[in-house]
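Everything below concerns the one structure shown next.
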Amino acid sequence: MSSINSPFDKPFEQPVDSPGGRMRPVPAERNYLNADYSVRSWLLTKDHKRIALLYLFSVSFFFFIGSIYAMLIRLELLTPKGDLVQAATYNKLFTHHGIIMIFLFLIPSIPAILGNFLVPLMIGAKDLAFPKINLLSWYLYMIGAVIVSSAIMIGGVDTGWYFYVPYSSNFSNTYVTLAGLGIFVLGFSSILTGLNFIVTTHTMRAPGMTWFRLPLFIWSHYATSLIMLLGTPVIAITLLLLVFERTFHVGIFDPTIGGDPVLFQHLFWFYSHPAVYIMLLPGMAIISEIIATFSRKNIFGYKFVAFSSIAIAVFGFLVWGHHLFSSSQSVFAGMIFSFISFAVAVPSAIKVFNWTATLFRGSISYDTPMLYALGYIGLFAIGGLTGLFLASLGMDVHLTDTYFVVAHFHYVMVGGTLLAYLGGIHYWWPKITGRLYPEGWGRFSALIVFVGFNLTFFPQFLLGFLGMPRRYHAYPPEYQVLNVLSSAGASILAIGFTIPLIYLLWSLRYGPKATDDPWMATGLEWRTSSPPPTENFVETPIVTWEAYEFAPQETMKVVGKLTPDDKPDRSSYSGN
Amino acid sequence: MFLLQSPVRLLPEQASTISGEVDALYFYLWGVSAVMTLLVAIVAAFFVIKYRRRAPDEIPRQIAGSMKLETLWSVIPFIIMLTFFGWGLKLYFTMYRMPKDAMEISVVGKQWMWKFQHPTGQREINELHVPIGQKIKLIMTTEDVIHALSIPDFRIKSDVVPGRYTAIWFEATKTGRYHLFCTEYCGTNHSGMGGFVEVMERNEYEAWLSGNLNAVSPIVAGEGHFNSLGCVSCHSAGGAGGRCPTLAGIFGKQQPLADGGNVTVDEAYIRESILNPSAKIVAGYSNIMPTYQGQVSEEQLLQLVSYIKSLSPAASNGIQTTAPARENNPSTGVASPSGQGTTNPDSLRSNPLAPTNPNAEAGRGAGSTRANDAASPGSSRPNSSSSGGNQPRRENQ
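In the order they appear, the protein sequences are chains A and B. Last residue of the first sequence: 576 (the numbering used here), numbering continuous. Last residue of the second sequence: 973 (the numbering used here), numbering continuous.
The structure is reproduced here in structure tokens:
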């Protein structure tokens with residue numbers, strides 16, 4: 001019990017004097033970034049860290065494109081009349097915003113960037129199980145992105161991101177087929193990433209890294225991967241059927257040729273609701289890491305948080321019908337879906353309570369990642385609770401397809417996932433780049449994002465209750481005040497997103513060099529150099545401590561000796 | 577451009593019988609959400625300030641977790657959520673369980689307008705005039721893509737799906753003009769597909785109706801289509817037309833099907849039988865009816881449905897056809913929907929194929945015999961044309 005309240009003894013900075021001490025990985029000069037500078041070495045890399053960076057560039061690019069669409073939407077909605085752009089253009093704006101943000105940003109963002117970078121590092125592996133498939137998934141992402149972009153550039157799509165039939169199959173004269181095929185290809189990128197993570201987590205864990213020693217980041221990504229692997233094929237099939245109907249006029253969804261339009265909604269949401277958890281769970285993954293590190297506490301109720309991720313992934317497959325409460329689905333089906341939707345809220349609530357409890361008697365610092373994480377907890381709580389409004393049948397009838405829904409899912413997706421993503425980028429920035437970002441600017445922009453976000457989306461709850469429908473190019477004048485507030489918030493939010501872009505790029509050249517473990521964190525990713533060498537660890541780590549075990553240095557050896565007490569999981573010895 | 581054109585509004589009007597309860601649930605949900613969010617926020621803020629880092633290398637004492645707390649904060653939220661579930665479910669039933677005594681207005685959506693027809697025949701586009709204090713049921717379909725009809729001040733909404741009938745009802749409690757929106761994205765001018773519901777005093781509504789005197793009621797219009805499209809030559813209303821099942825008195829009842837199943841005769845089934853007659857063949861008949869797909873518009877379909885419903889005045893009483901059929905009575909080729917269908921054997925004869933009891937076979941046999949007997953139009957037509965008004969009298973025969 002000597003560890004209680006005892007300070008770090010120059011934590012994790014031990015020289016290599018003792019055999020069990022921290023391993024200095026190779027001469028600090030050589031790392032995954034400077035190993036080779038050729039273009040070829042980037043485009044044909046099999047290093048998960050380099051692939052993560054490829055994703056970082058491409059995904060960030062599409063985030064800014066998607067944001068431009070959002071700004072145009074908010075500009076149009078400043079006035080009740082549709083006066084900035086034509087109705088047909090406006091419909092393309094929100095469709096492109098949705099498609100880009102969901103399929104090109106949110107779904108790949110955290111798993112493909114941070115997950116790709118960190119999963120092998122956190123479990124003590126040299127790479128993912130299938131490095132070539134990992135590279136293939138990036139190429140599939142790029143091919144899909146090019147197809148979707150070309151559909152947008154040659155004329156665009158106006159169906160809404162959800163492609164409801166028969167509008168999308170027989171009425172829209174836009175490039176639905178091309179966009180559908182693009183998303184079809186993007187789906188395979190997602191499937192391959194999920195497959196890679198699952199196999200890697202099962203087979204590549206370092207000796208001693210048992211399932212319950214895994215960081216919660218890994219548990220969440222495992223759950224995410226399950227959804228990617230099992231859910232994505234359904235959207236692929238659905239979009240193929242849509243393209244098939246549109247091209248060959250075979251009656252699948254269109255009632256005039258014998259199809260059923262509600263069938264499309266069932267198939268679409270069978271993927272797209274679980275897809276919400278593809279976007280949400282990785283955010284939760286990051287929050288668990290940040291909360292633990294910046295309060296120097298192990299996550300309260302580790303197993304509850306771990307299994308709540310799995311529960312969310314499993315229950316998430318059973319609630320798609322709550323998108324159809326007012327679309328002529330039977331009342332009985334509505335009842336079942338409503339009930340399960342409430343059930344799936346429980347594991348999310350468990351996470352929020354456990355994160356809050358983790359803060360109790362911690363040693364809490366106010367660094368940028370922690371500010372994002374605290375903001376996340378508040379905004380995700382509001383996003384989750386307003387989801388209960390929509391799960392409640394009689395309430396949903398009034399609120400569905402209004403701005404209340406828009407506000408709700410932006411609280412979850414932007415207030416939740418995007419804040420987590422920014423927090424995660426800041427948290428692992430020193431590890432990824434070897435540089436520190438300017439802390440003051442970081443805190444400042446986190447605050448701007450929080451304020452701008454609430455100003456943008458809170459008025460939309462009120463608009464929705466008033467009855468303002470989604471996807472409206474023009475609206476009755478009595479809704480204007482709230483819309484103006486929302487647009488004002490959006491411009492603040494835009495500033496909040498631009499500042500990090502500038503100082504993060506700045507830090508690449510001018511930021512102070514980061515130490516291996518600038519936060520005094522516990523994960524294995526901090527037990528190697530910043531940036532890590534291509535092979536991640538010079539020597540395969542042997543894990544002898546629990547997850548988030550904040551303790552003095554002696555017990556934090558990278559290469560420990562397994563004692564009988566460690567009861568290692570046999571499956572974690574794949575290499576030996 | 578930025579000048580505000582109207583004062584700010586934060587809450588919608590409460591203009592229907594259900595809006596009060598929907599709002600009560602809404603504020604209950606916000607109340608609980610606010611308490612939960614504040615609870616988490618205050619506790620977190622307290623911890624964040626009280627346990628802020630005081631030395632750069634301090635390590636706090638670790639706490640593993642607590643089964644008791646985990647159980648507590650799983651079970652309590654779940655119980656609270658059950659109240660959301662139950663209350664929401666109750667409201668949902670109220671919204672989608674149609675009242676029996678409602679005035680029915682048919683609604684057809686099309687890109688980008690709403691077309692309404694009143695039971696007395698008046699038509700409107702993008703405006704709907706309704707009397708206050710009267711239950712109104714909207715029976716809706718669409719000519720093209722999916723739309724959704726939403727009246728926020730009444731707190732009601734339903735998708736309008738091609739190939740289906742959906743329904744919602746409301747009872748307005750306040751006169752005035754209320755927004756009517758399409759809330760399912762339907763193409764270029766989606767945001768222009770709306771208008772107003774005008775709630776009027778009863779007498780004003782009557783006056784408004786009478787301002788449109790040359791209107792033909794949907795039932796009469798439907799009868800016109802029934803004759804002009806040739807339906808009458810087989811399904812002579814009020815009589816077993818021969819090769820086809822009679823239509824009188826069937827609405828709301830169970831029909832046995834050739835494939836052994838049963839179907840409840842409702843708006844959707846009538847619609848399907850017109851557009852796709854081979855989908856569900858009534859037992860005892862063969863698949864000979866041609867499709868009317870492409871020959872009737874959605875509005876004409878709704879009028880045909882209204883007419884066919886009018887042949888079953890007892891439908892709204894939920895007649896069950898469990899009594900044995902009185903077979904071997906070929907003289908009753910005439911249907912007789914009645915106000916007391918359950919007790920009146922004649923009403924069963926109007927629906928020869930209905931019995932579901934052990935006598936069903938006999939009834940079925942009799943049905944086909946009867947059908948043949950009645951094949952000569954002369955015997956059934958005269959009665960059929962007098963369908964509605966004559967029926968109560970038949971009970972006394």
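For every residue, glycine included, the Cβ atom is placed at its ideal position computed from N, Cα and C.
- Assignment of Val543 (chain A) by DSSP, reduced to helix, strand and coil, places it in the coil class.
- Taking a beta-carbon distance threshold of 9 Å, Trp649 (chain B) counts as an interface residue toward chain A.
- The beta-carbon separation of Leu393 (chain A) and Phe465 (chain A), rounded to 17 Å, does not stay under the 8 Å limit for a contact.
- Of the residues B:Leu756, B:Gly787, B:Tyr761, B:Thr764, the one whose Cα lies closest to the Cα of Glu774 (chain B) is B:Leu756.
- For Phe450 (chain A) and Ser873 (chain B), the gap between their C-alpha atoms comes out near 53 Å.
- In this structure, the CA atom of Glu848 (chain B) is about 8 Å from the CA atom of Ala855 (chain B).
- Apart from sequence neighbours up to five positions away, the residues of its chain that approach Ile492 (chain A) with a beta-carbon distance below 8 Å are Ile448, Val451, Gly452, Leu455, Thr456, ordered along the chain.
- For Asn803 (chain B), the closest alpha carbon among the candidates B:Thr749, B:Tyr883, B:Val736 is that of B:Tyr883.
- For the pair Leu263 (chain A) and Asn702 (chain B), the Cα-to-Cα distance works out to about 29 Å.
- By the criterion of at least three beta-carbon pairs nearer than 8 Å, the region 709 to 718 of chain B is not in contact with the region 372 to 388 of chain A.
- Looking at A:Leu462, A:Ala70, A:Thr544, A:Asp517, the one whose alpha-carbon comes closest to that of Pro532 (chain A) is A:Asp517.
- When beta bridges are read from the DSSP output, Val858 (chain B) appears opposite B:Leu833.
- Annotation: Gly662 (chain B) to Asp396 (chain A) spans about 13 Å, alpha carbon to alpha carbon.
- Legend: CB atoms of the region 632 to 648 of chain B lying less than 8 Å from CB atoms of chain A belong to residues Asp633, Glu634, Ile635, Pro636, Arg637, Gln638, Ile639, Ala640, Gly641, Ser642, Leu645, Glu646.
- Legend: CB atoms of the region 655 to 668 of chain B lying less than 8 Å from CB atoms of chain A belong to residues Met657, Leu658, Phe660, Phe661, Trp663, Gly664, Leu665, Lys666, Leu667, Tyr668.
- Scanning chain A for C-beta atoms nearer than 7 Å to the C-beta of Arg740 (chain B) yields Ser328, reported in chain order.
- Phe746 (chain B) is bridged by DSSP to B:Ile712.
- Under the three-pair Cβ rule at 8 Å, the region 59 to 70 of chain A does not count as touching the region 123 to 132 of chain A.
- Listed in chain order, the positions of the region 668 to 685 of chain B with a beta carbon within less than 9 Å of a beta carbon of chain A are Tyr668, Phe669, Thr670, Met671, Tyr672, Arg673.
- Under the DSSP assignment, Met204 (chain A) falls outside any beta strand (DSSP E); it carries neither an H nor an E label.
- A Cβ-Cβ contact shorter than 9 Å links Gly156 (chain A) with Thr174 (chain A).
- The beta carbon of Leu77 (chain A) sits closer than 7 Å to the beta carbons of Asn483, Ser487 from its chain, once the five residues preceding and following it are set aside; these are given in chain order.
- Asn454 (chain A) carries a helical assignment under DSSP once its states are collapsed to helix, strand and coil.
- Taking the C-beta atoms as reference points, Thr203 (chain A) is found no nearer than 9 Å to Gly115 (chain A).
- Neighbourhood of Lys297 (chain A) in chain B, by CB distance below 8 Å: Pro636, Gln638, Ile639, in chain order.
- The closest CA to that of Met643 (chain B), considering only A:Phe300, A:Ile499, A:Val543, is found on A:Phe300.
- For Phe317 (chain A), the closest alpha carbon among the candidates A:Ala306, A:Thr515, A:Ala275, A:Ile287 is that of A:Ala275.
- Counting along the chain, the unbroken beta strand (DSSP E) around Glu774 (chain B) starts and ends at 771 to 776.
- Within the DSSP bridge table, the entry for Lys513 (chain A) names A:Arg435 as partners.
- Contact note: Ala748 (chain B) does not reach chain A at a C-beta cutoff of 9 Å; the least C-beta distance is about 15 Å.
- Just measuring C-alpha positions, the residue of A:Gln265, A:Leu241, A:His426, A:Phe94 sitting nearest Arg470 (chain A) is A:Phe94.
- Closest in C-alpha terms to Ala844 (chain B), from the list B:Ile864, B:Tyr741, B:Gly837, B:Gly664, comes B:Tyr741.
- Within chain A, the residues Phe171 have their CB atoms less than 7 Å from the CB of Asp720 (chain B), given in chain order.
- Proximity of chain A to Gly607 (chain B) at the Cβ level (cut-off 9 Å) is not reached, the minimal Cβ distance being about 11 Å.
- Ranked by Cα distance from Val59 (chain A), the first of A:Leu324, A:Tyr139, A:Phe307 is A:Tyr139.
- Comparing C-alpha distances from Trp690 (chain B) to each of B:Ile635, B:Asn765, B:Ser609 shows the shortest one belongs to B:Asn765.
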